[in-house]
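The next block holds one structure in the form of structure tokens; read it before the comments.
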Amino acid sequence: MNKTIAIGFAGYLLFILVVGIVTARYNKTLADFLLAGRRLGPWVVALSERASGQSGWLILGLTGLAYATGLGDPSGTKPQPALWASIGGCSGVALSWILIAEKLRKETEQLGALTLPRFFELKFRGHDPTIRFVTTGIIVFCFIFYIAAQFDGAGKALEQTFGFPHFT
78 MNKTIAIGFA
88 GYLLFILVVG
98 IVTARYNKTL
108 ADFLLAGRRL
118 GPWVVALSER
128 ASGQSGWLIL
138 GLTGLAYATG
148 LGDPSGTKPQ
158 PALWASIGGC
168 SGVALSWILI
178 AEKLRKETEQ
188 LGALTLPRFF
198 ELKFRGHDPT
208 IRFVTTGIIV
218 FCFIFYIAAQ
228 FDGAGKALEQ
238 TFGFPHFT
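See the structure below:
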């Protein structure tokens, strides 16, 4: 293992630990923990959401696709999947920010919902928890695959960086 990389990685972990300790003082309620007390501006929230949402797919998947297939062909005769994936991803995110984000923020605040399952419960079924349980189940089911992919991506990155075997 490269000593410089190991020191940098340890420094990063220490930095994350310090940030966690410092910001823990501001977490008095569940809303503080989950949503930073709704005190952050729209750009901070938007960038945080994208940093959380892209993860291994953007860092490993899209860059690998771009490396393998190229970003573009000036003649226009070859497919350009990385370019179109980038355009589609950016367009979809921009549309969701423009069409959904502000309205969702206002409605969740009015209803007092901290999570999407709770929001759906309050908006569509009053206080019947059925929709909350169903949406929570869907989220948990999807997140199993999402988290597995993140662990796989992290394993591949650690294998390449530190030489750790990917499947141990």
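Using the numbering used here, read the sequence shown as starting at 78 and increasing by one per residue.
Beta carbons are placed, not taken as given, at the ideal position from N, Cα and C, and that holds for glycine.
Query                                                                                                                 : Result
Proximity below 9 Å, CB of L142 to CB of A159                                                                         : yes
Collapsed DSSP secondary structure at T154 in the structure displayed                                                 : coil
Close beta carbons around D150, own chain, < 7 Å, minus the five adjacent residues each side                          : Q157
Given K105 as reference, the closest of I216, F222, G97, G114 once Cα atoms are compared                              : G114
Neighbourhood of L191 by C-beta distance below 7 Å, restricted to the same chain and skipping five residues each side : L107, A108, L111, L112
Y103 (DSSP reduced to helix, strand or coil)                                                                          : coil
The alpha helix (DSSP H) enclosing R209, as first and last residue numbers                                            : 207 to 239
Cα-Cα separation between E236 and G88, rounded to whole angstroms                                                     : 19 Å
CA-to-CA distance, F86 to T212, given in whole angstroms                                                              : 37 Å
Euclidean distance between Cα positions of G230 and F244                                                              : 12 Å
The stretch 115 to 129 touching the stretch 168 to 185, judged by at least three CB pairs closer than 8 Å             : yes
Length of the line joining the Cα atoms of A101 and L90                                                               : 16 Å
Where A145 sits in the DSSP three-state scheme                                                                        : helix
As assigned by DSSP and simplified to three states, the class of L117                                                 : coil
N-terminal and C-terminal residue of the alpha helix (DSSP H) that P194 is part of                                    : 193 to 202
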